[in-house]
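J.:
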Amino acid sequence: MATVREDTRMQIRCRAISAELKQLLSLAADVAGVALVRVTSGGQAPKGSGGKRTGSTRHDHGRAADLQLLVDGSRALDFTDPDDLPIVEAFVTAAAALGANGIGAGVDYMGKTTLHIGFGTSPRDRSELVWGAGGHVANAPIWLQNAAQKGWANPVASGRRLADALPLAGTVGRFMVAARDGLRLRAGPGLTFDRLRTIGPGSELTVQSFDGPNGDWARVDLNHDGLIDGHLHAAFLVPVAPPGDGRFDDRLDSDEGVEEPEATYA
1216 MATVREDTRM
1226 QIRCRAISAE
1236 LKQLLSLAAD
1246 VAGVALVRVT
1256 SGGQAPKGSG
1266 GKRTGSTRHD
1276 HGRAADLQLL
1286 VDGSRALDFT
1296 DPDDLPIVEA
1306 FVTAAAALGA
1316 NGIGAGVDYM
1326 GKTTLHIGFG
1336 TSPRDRSELV
1346 WGAGGHVANA
1356 PIWLQNAAQK
1366 GWANPVASGR
1376 RLADALPLAG
1386 TVGRFMVAAR
1396 DGLRLRAGPG
1406 LTFDRLRTIG
1416 PGSELTVQSF
1426 DGPNGDWARV
1436 DLNHDGLIDG
1446 HLHAAFLVPV
1456 APPGDGRFDD
1466 RLDSDEGVEE
1476 PEATYA
């Protein structure tokens, strides 16, 4: 299960992150195989409210988080470690594909284990930015640029709310896995169920129904033989449409825009 834990009580940005961002982080962690996302700096009072805040407006209303990826409940992944970097890259790519459009990291920015993941400076800001040391776009590490661009080039949400990217309830039939690094098949409709295996990108399958409290877990038949193999999260599935039917015509790729870190990180 991918858990998002908010350890922000002693921070300036101590307010809860938004439900949409929390869902995004949980799904991205699941794709990357990360068990725990530890938020070290979360939401803050909006600009002009007189409440406690710092830096740009990105963290206003919980629309951004500074975070660490923990593999065993205690050790944070280090993106300068060649063994850890592919996992961090997979997380960034999944987050970008799910709609995160403000992503920052850098040893001289927030250290080698902390990332900024969030949305724009306001709900209307759809600009896609990465940055590094000093909060400057020019200082974004190459690996961060590449990982984010992979996600933005293959969007799941296509610039819309994550919930709006899910297939319509009742829309069953042939679908394709759209997650670049594949999608984990689970024994039931939720992150608490056991992982069975990874279904590769581009794999075609039959969706029998959409299950779970929000109807966002697809019950899938991998061999098109009427038997159920498990559940996949619907955000990473796209319908297999006949050529020219127009169903994907709207899937288009979409400075206070950079973000200052808090002074200290636990």
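Residue numbers for the sequence shown follow this note's numbering, so the first one is 1216 and each next one is one higher.
Every residue, glycine too, gets a C-beta built ideally from N, C-alpha and C.
Since this is a predicted model, take the numbers as computed values, not measurements.
1. Among Ala-1310, Ser-1342, Ala-1312, Leu-1400, which has the Cα closest to the Cα of Gly-1415?
2. Our contact map puts Thr-1223 next to Val-1254 with C-beta atoms below 8 Å; I'd like the distance itself, whole angstroms only.
3. Taking Asp-1436 as the reference, give the member of His-1448, Ala-1348, Val-1422, Gly-1430 with the closest Cα.
4. Since Ile-1302 is in the alpha helix (DSSP H), which residue starts that stretch and which ends it?
5. Whole angstroms is fine: what's the gap from Ala-1247's alpha carbon to Asp-1323's?
6. Three Cβ pairs or more, each shorter than 8 Å: is that satisfied between the segment 1298-1306 and the segment 1270-1281?
7. Closest to Leu-1404 by CA distance: which of Gln-1226, Trp-1432, Thr-1413 is it?
8. Contact defined as beta carbons within less than 8 Å: I believe Val-1453 pairs with Ala-1394. What is the distance between those atoms, to the nearest angstrom?
9. If you draw a straight line from the C-alpha of Glu-1343 to the C-alpha of Gly-1317, how long is it?
10. Alpha carbon to alpha carbon, what distance is there between Ile-1227 and Ala-1355?
11. At the level of alpha carbons, what is the spacing between Ser-1289 and Val-1219?
12. Which same chain residues end up closer than 7 Å to Thr-1328 when comparing Cβ atoms and leaving out the 5 residues on each side of it in sequence?
13. Could you check if Gly-1257 is buried or exposed, using at least 16 other CB atoms within 10 Å of its CB as the buried criterion?
14. Would you report the Cα separation of Leu-1442 and Leu-1313, rounded to the nearest angstrom?
15. Determine the direct distance from the alpha carbon of Ala-1320 to that of Pro-1370, and round the result to whole angstroms.
16. With a Cβ-Cβ cutoff of 8 Å, do Thr-1308 and Gly-1366 count as a contact?
17. How many angstroms separate the CA atom of Ile-1357 from the CA atom of Ala-1311?
18. For a quick check, are the C-beta atoms of Gly-1349 and Arg-1278 less than 8 Å apart?
19. With a floor of 4 residues, list each alpha helix (DSSP H) that falls wholly inside the segment 1234-1290, ordered by position along the chain.
20. If contacts are defined as beta-carbon pairs under 8 Å, then Leu-1411 and Ala-1217 qualify, I think. What distance do you get, rounded to the angstrom?
21. Does DSSP put Val-1453 in a helix, a strand or coil?
22. Return the CA-CA distance between His-1276 and Asn-1438, expressed in angstroms with no decimal places.
23. Thinking Val-1286 and Ala-1243 are a contact (beta carbons under 8 Å), I'd like their distance in whole angstroms, please.
24. Any idea what DSSP makes of Gly-1326, helix, strand or coil?
25. Just verifying my parser: in three-state terms, what is the DSSP assignment at Val-1352?
26. Return the bridge partner residues of Ser-1391 from the DSSP annotation.
27. What separation, rounded to the nearest whole angstrom, lies between the Cα atoms of Leu-1420 and Ala-1363?
T.: According to the data block:
1. As a position in the sequence shown, residue 1415 is number 200, starting the count at 1. Minimum Cα distance to Gly-1415 is reached at Leu-1400.
2. Translated into positions along the sequence shown, residue 1223 becomes position 8. Translated into positions along the sequence shown, residue 1254 becomes position 39. Separation of the CB atoms of Thr-1223 and Val-1254 is rounded to 6 Å, and the pair is thereby assigned contact status at 8 Å.
3. For the purposes of this step, residue 1436 is identified with residue 221 of the sequence shown, where counting begins at 1. For the residues His-1448, Ala-1348, Val-1422, Gly-1430, the minimum Cα distance to Asp-1436 belongs to Val-1422.
4. On the sequence shown, position 87 is the one that residue 1302 refers to. Start and end: 1300-1312.
5. Locating residue 1247 in the sequence shown gives position 32, where the first residue counts as 1. Locating residue 1323 in the sequence shown gives position 108, where the first residue counts as 1. Their backbone Cα atoms lie some 25 Å apart in a straight line.
6. Taking a cut-off of 8 Å for Cβ pairs, the segment 1298-1306 and the segment 1270-1281 do not touch, as fewer than three such pairs fall below it.
7. The residue you call residue 1404 lines up with position 189 of the sequence shown. As written in the sequence, residue 1404 is Pro, which differs from the Leu given in the question. Comparing Cα-Cα distances from Pro-1404 to each of Gln-1226, Trp-1432, Thr-1413, the minimum goes to Trp-1432.
8. Taking the sequence shown and counting its residues from 1, the one referred to as residue 1453 is at position 238. Taking the sequence shown and counting its residues from 1, the one referred to as residue 1394 is at position 179. About 10 Å separates the beta carbon of Val-1453 from that of Ala-1394, a gap too long to meet the 8 Å contact definition.
9. As a working note, residue 1343 is residue 128 in the sequence shown. As a working note, residue 1317 is residue 102 in the sequence shown. Computed Cα separation, rounded: 6 Å.
10. For the purposes of this step, residue 1355 is taken as the residue at position 140 of the sequence shown. For the purposes of this step, residue 1227 is taken as the residue at position 12 of the sequence shown. Here the C-alpha atom of Ala-1355 lies approximately 25 Å from the C-alpha atom of Ile-1227.
11. Along the sequence shown, one-based indexing puts residue 1289 at 74. Along the sequence shown, one-based indexing puts residue 1219 at 4. When rounded, the distance between both Cα atoms is 14 Å.
12. Position 113 of the sequence shown, counting from 1, holds the residue named residue 1328. Exclusion of the five residues before and after Thr-1328 leaves Gln-1283, Ala-1291, Leu-1292, Asp-1293 as the residues of its chain whose Cβ lies within less than 7 Å of its Cβ.
13. The residue you call residue 1257 lines up with position 42 of the sequence shown. Gly-1257 is classed as buried because its beta carbon has at least 16 other beta carbons within 10 Å across all chains shown.
14. As a working mapping, residue 1442 is identified with position 227 in the sequence shown. As a working mapping, residue 1313 is identified with position 98 in the sequence shown. The straight-line gap from Cα to Cα measures roughly 29 Å.
15. Position 155 of the sequence shown, counted from the first residue, corresponds to residue 1370. Position 105 of the sequence shown, counted from the first residue, corresponds to residue 1320. Between Pro-1370 and Ala-1320, the C-alpha separation is close to 21 Å.
16. By 1-based counting over the sequence shown, the position of residue 1308 is 93. By 1-based counting over the sequence shown, the position of residue 1366 is 151. Going by C-beta atoms, Thr-1308 is nearer than 8 Å to Gly-1366.
17. Indexing the sequence shown from 1 puts residue 1357 at position 142. Indexing the sequence shown from 1 puts residue 1311 at position 96. Those two C-alpha atoms are separated by around 15 Å.
18. Position 134 of the sequence shown, counted from the first residue, corresponds to residue 1349. Position 63 of the sequence shown, counted from the first residue, corresponds to residue 1278. The answer is no: Cβ separation not under 8 Å.
19. Taken in chain order, the unbroken stretches of alpha helix (DSSP H) that lie wholly in the segment 1234-1290 and span 4 residues or more are 1234-1247.
20. On the sequence shown, residue 1411 is found 196 positions in, with the first residue counted as 1. On the sequence shown, residue 1217 is found 2 positions in, with the first residue counted as 1. In this structure Leu-1411 does not touch Ala-1217 by the C-beta definition: roughly 16 Å separates them, more than the 8 Å allowed.
21. Mapped onto the sequence shown, residue 1453 falls at position 238. In the three-state scheme derived from DSSP, where H, G and I count as helix and E and B as strand, Val-1453 is classed as strand.
22. Locating residue 1276 in the sequence shown gives position 61, counting from the first residue. Locating residue 1438 in the sequence shown gives position 223, counting from the first residue. So the alpha carbons of these two residues sit roughly 44 Å apart.
23. As a working mapping, residue 1286 is identified with position 71 in the sequence shown. As a working mapping, residue 1243 is identified with position 28 in the sequence shown. Not confirmed; about 15 Å, so no contact.
24. As a position in the sequence shown, residue 1326 is number 111, starting the count at 1. Collapsing the DSSP output to three states places Gly-1326 in a strand.
25. Within the sequence shown, the letter at position 137 stands for residue 1352. Helix at Val-1352.
26. Your numbering for residue 1391 matches position 176 in the sequence shown. According to the sequence as given, residue 1391 is Met; it is not Ser. Beta-bridge annotation (DSSP): Met-1391 is paired with Glu-1419, Val-1453.
27. Position 205 of the sequence shown holds residue 1420. Position 148 of the sequence shown holds residue 1363. Rounded to whole angstroms, the gap between the alpha carbons of Leu-1420 and Ala-1363 is 27 Å.
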